[in-house]
Amino acid sequence: MAENLKKFFKKKKLEIKFKKAGPGQRLNEEAPKPVAQSSEPSYSRVEPSAEAKQAAAAALARLQGTSTPGFNSRTDHSSVLKEMKKAIRDEMSLSENKNSPKNESNLEKRDTNVDMSKYAADGVYFRCPLLGPEILLKSEWRERINEYLEEQLKIEKGLASCLIIQNCNSNSDKINDCVTTLSKYLLNIINNPDEEKFRKIRISNKVFQEKVVNMRGSILLLEAAGFVEQKLSVQDGEEEFYVFPADGDIEDLKMLVDALENAEKINLELDRNVQILQPSQAARRTELPHDFFKYTPEELKKEQQAKTESVEEMLILRTRAMREKTGLKEMKKRYRYALMRIRFPDGIFLQGTFSVYEKYAAILEFVKENLSCECDFTLLTELGRSFVPADHEKTLLDLRLVPATVLIFKPNSSSTDEQKLSYLKPDVLLLLQDL
Numbered sequence: 001m002a003e004n005l006k007k008f009f010k011k012k013k014l015e016i017k018f019k020k021a022g023p024g025q026r027l028n029e030e031a032p033k034p035v036a037q038s039s040e041p042s043y044s045r046v047e048p049s050a051e052a053k054q055a056a057a058a059a060l061a062r063l064q065g066t067s068t069p070g071f072n073s074r075t076d077h078s079s080v081l082k083e084m085k086k087a088i089r090d091e092m093s094l095s096e097n098k099n100s101p102k103n104e105s106n107l108e109k110r111d112t113n114v115d116m117s118k119y120a121a122d123g124v125y126f127r128c129p130l131l132g133p134e135i136l137l138k139s140e141w142r143e144r145i146n147e148y149l150e151e152q153l154k155i156e157k158g159l160a161s162c163l164i165i166q167n168c169n170s171n172s173d174k175i176n177d178c179v180t181t182l183s184k185y186l187l188n189i190i191n192n193p194d195e196e197k198f199r200k201i202r203i204s205n206k207v208f209q210e211k212v213v214n215m216r217g218s219i220l221l222l223e224a225a226g227f228v229e230q231k232l233s234v235q236d237g238e239e240e241f242y243v244f245p246a247d248g249d250i251e252d253l254k255m256l257v258d259a260l261e262n263a264e265k266i267n268l269e270l271d272r273n274v275q276i277l278q279p280s281q282a283a284r285r286t287e288l289p290h291d292f293f294k295y296t297p298e299e300l301k302k303e304q305q306a307k308t309e310s311v312e313e314m315l316i317l318r319t320r321a322m323r324e325k326t327g328l329k330e331m332k333k334r335y336r337y338a339l340m341r342i343r344f345p346d347g348i349f350l351q352g353t354f355s356v357y358e359k360y361a362a363i364l365e366f367v368k369e370n371l372s373c374e375c376d377f378t379l380l381t382e383l384g385r386s387f388v389p390a391d392h393e394k395t396l397l398d399l400r401l402v403p404a405t406v407l408i409f410k411p412n413s414s415s416t417d418e419q420k421l422s423y424l425k426p427d428v429l430l431l432l433q434d435l
């Protein structure tokens with residue numbers, strides 16, 4: 001079963017290349033059903049063609065020719081970028097992706113009365129390489145994963161039920177308790193095949209009720225193992241049991257125990273949600289969406305009110321070191337993600353979303369990935385402080401770069417040629433939002 005688990009994940013990685021958008025569609029479908037034109041398309045960035053890249057290069061050349069050193073001519077800068085965006089968008093036919101999940105279905109789930117123009121980001125998005133190229137909210141991925149595993153029950157019920165236990169329940173401690181209890185039930189039968197008492201699970205049993213019955217996938221696993229629900233006579237009358245038949249397959253139980261121990265969560269990868277902002281946009285969009293916080297808005301408000309009442313006492317009684325230590329603990333409790341903005345010499349901001357537990361080195365890599373050419377640079381805080389090599393392995397929490405920070409991009413060379421370059425890649429500049 002462990003080998004089947006590995007094959008399952010390997011198969012899914014291969015299917016990604018051919019997978020159609022939407023849940024429940026697989027390569028091994030017997031007969032694909034007609035799909036309406038309005039079916040949910042996948043959302044992914046299209047690689048620009050050679051013609052598109054040439055158009056971008058031409059637009060950049062005009063940008064360099066019309067701008068003064070240092071990109072002080074904002075009007076020329078904006079107009080040429082708009083021209084560049086139009087040329088590449090026409091080539092890439094981006095209009096076909098207007099109804100992508102990120103652009104439409106996600107927005108439908110948000111309160112239309114909320115003014116999103118004041119927010120620095122429209123949410124926190126994720127990728128799931130195992131299931132497809134879409135970029136979705138975590139809640140939407142959970143729905144997609146649930147739907148997919150439900151489909152897999154028709155193909156491999158035992159393996160799918162193990163994955164459901166891991167992926168469709170939220171409390172890790174309860175998941176571990178459930179897996180341990182189920183494994184014990186199966187191992188008791190494997191090690192004592194002739195003992196009738198081990199082949200019966202009393203449904204009213206306290207351990208079964210507390211650790212198994214309410215966990216999604218647990219009963220499905222027992223059914224896959226061969227257990228059937230029966231009423232049996234007891235001293236006080238009749239009770240319901242899950243019973244493993246005397247002629248049940250012990251080898252199947254061994255494989256299921258192996259699967260329980262090896263089943264993993266289907267991991268999501270945080271999408272950077274890259275945005276390119278002009279200075280006025282960066283100044284206006286300063287609020288973080290609720291997805292960045294561990295607390296609900298109401299909980300945050302209550303906590304802030306309680307802290308305000310005792311803040312003076314805390315300042316008097318605690319040393320600076322004690323306050324800093326407490327502050328770090330509070331940040332860990334409060335924030336999930338950090339919004340990083342990199343300000344370039346031309347005034348443009350590169351924005352990305354990070355986990356608060358990612359290292360500073362991830363920010364450096366993020367900047368390098370979006371630069372139009374390789375160059376040495378330094379990132380500075382707004383107060384002019386630079387980061388030392390030892391900081392590269394520290395988390396954003398450790399460096400107090402949460403929940404939102406602006407860092408200044410400083411090229412280590414200031415030649416005239418470099419000043420005329422656009423720092424960011426043409427396809428990244430496409431994300432520059434109109435005022």
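For the sequence shown, full-length UniProt numbering assigns the number 1 to the initial residue and increments by one for each residue that follows.
We put the beta carbon where it would ideally sit given N, CA and C, even for glycine.
Nonlocal neighbours in the same chain, by C-beta distance under 8 angstroms from residue i, ignoring five residues either side
i: SER204; result: GLU239, GLU240
Sequence-distant residues of the same chain with beta carbon closer than 7 angstroms to residue i, five excluded per side
i: TYR185; result: ILE201
i: LYS254; result: ILE190
i: GLY24; result: Low confidence applies to GLY24: its pLDDT is 47, below 50, so where it sits in the model is not reliable, and the reading given next is rough at best. Excluding positions up to five away in sequence, the list reads GLU147, GLU151.
i: ASP177; result: LYS211
i: GLU287; result: LYS118, TYR119, ALA120
Residue of the options minimising C-alpha distance to residue i
i: GLU269; options: LEU131, ASP247, LEU401; result: LEU131
i: ILE408; options: HIS392, GLY384, GLU393, LEU429; result: GLY384
i: ILE363; options: SER372, PHE387, PRO345; result: PHE387
i: LYS265; options: PRO426, PRO289, PRO129; result: PRO129
i: THR180; options: VAL207, PRO193, SER170, ASN167; result: VAL207
i: LYS329; options: VAL428, VAL234, GLU251, LEU397; result: LEU397
i: PRO289; options: LYS333, ASN192, ASN412, LEU339; result: LEU339
i: LEU220; options: LEU149, SER170, ASP249, GLN235; result: LEU149
i: PHE293; options: GLU261, LEU256, LYS333; result: LYS333
i: LEU222; options: GLN281, ASP252, ASP194; result: ASP252
i: LEU256; options: GLN230, ASN267, GLY226; result: GLY226
Residue interval of the alpha helix (DSSP H) (run including residue i)
i: PRO426; result: 426-429
i: CYS178; result: 172-191
i: GLY158; result: 157-167
i: ALA338; result: From DSSP, ALA338 is part of no alpha helix (DSSP H) but of the beta strand (DSSP E) over 337-343.
i: GLN209; result: 206-211
i: TYR360; result: 360-370
i: SER348; result: The sequence given here places Ile at residue 348; Ser does not occur at that position. Looking at the DSSP string, ILE348 is not in any alpha helix (DSSP H), and its letter there is neither H nor E.
i: ARG284; result: 279-284
i: residue 467; result: The chain is shown from 1 up to 435; residue 467 falls before or after that span and cannot be answered.
i: SER218; result: 218-225
Cβ shell of residue i (< 6 angstroms), same chain only, five flanking positions each side left out
i: LEU153; result: ALA160
i: ALA224; result: LYS157, GLY158, SER161
i: GLU382; result: VAL406
Contact check, residue i vs residue j, beta carbons under 7 angstroms
i: ALA120; j: ASN273; result: no
i: TYR423; j: PHE344; result: yes
i: LEU371; j: LYS410; result: no
i: VAL228; j: VAL213; result: no
i: TYR337; j: LEU399; result: no
i: PRO403; j: TYR335; result: yes
i: ASP271; j: ARG127; result: yes
i: GLN351; j: GLN275; result: yes
i: TYR291; j: VAL428; result: Inspection of the sequence shows that residue 291 is occupied by Asp rather than by Tyr. Their beta carbons are not under 7 angstroms apart, which means ASP291 does not touch VAL428 by this criterion.
i: ARG199; j: ILE164; result: no
i: ASN412; j: PHE377; result: yes
i: SER355; j: LEU260; result: no
Neighbour-count burial assignment, residue i, 16 or more Cβ in a 10 Å radius
i: residue 453; result: Any property of residue 453 remains undetermined from this structure, which presents the chain solely from 1 to 435.
i: CYS162; result: buried
i: THR353; result: buried
i: MET92; result: Residue confidence for MET92 is low, a pLDDT of 41 falling below 50, so the modelled location carries little weight and cannot support an answer.
i: ASN28; result: Confidence is the limiting factor: at ASN28 the pLDDT is only 43, short of 50, which leaves the residue's position unreliable, though a coordinate-based value still follows. Under this definition ASN28 is an exposed residue.
i: PRO426; result: buried
i: ALA246; result: exposed
i: GLU393; result: exposed
i: GLN278; result: buried
i: SER218; result: buried
i: GLY237; result: exposed
i: LEU232; result: exposed
i: ILE250; result: exposed
i: GLU134; result: buried
i: VAL234; result: exposed
i: ALA390; result: exposed
i: ILE155; result: exposed
Where the beta strand (DSSP E) through residue i begins and ends
i: ARG385; result: Careful: ARG385 lies outside any beta strand (DSSP E) and carries neither H nor E.
i: GLU261; result: Looking at the DSSP string, GLU261 is not in any beta strand (DSSP E); the run it does join, the alpha helix (DSSP H), is 250-262.
i: ARG127; result: 125-128
i: ARG144; result: Here ARG144 belongs to no beta strand (DSSP E); instead the alpha helix (DSSP H) covers 138-152.
i: LEU407; result: 404-411
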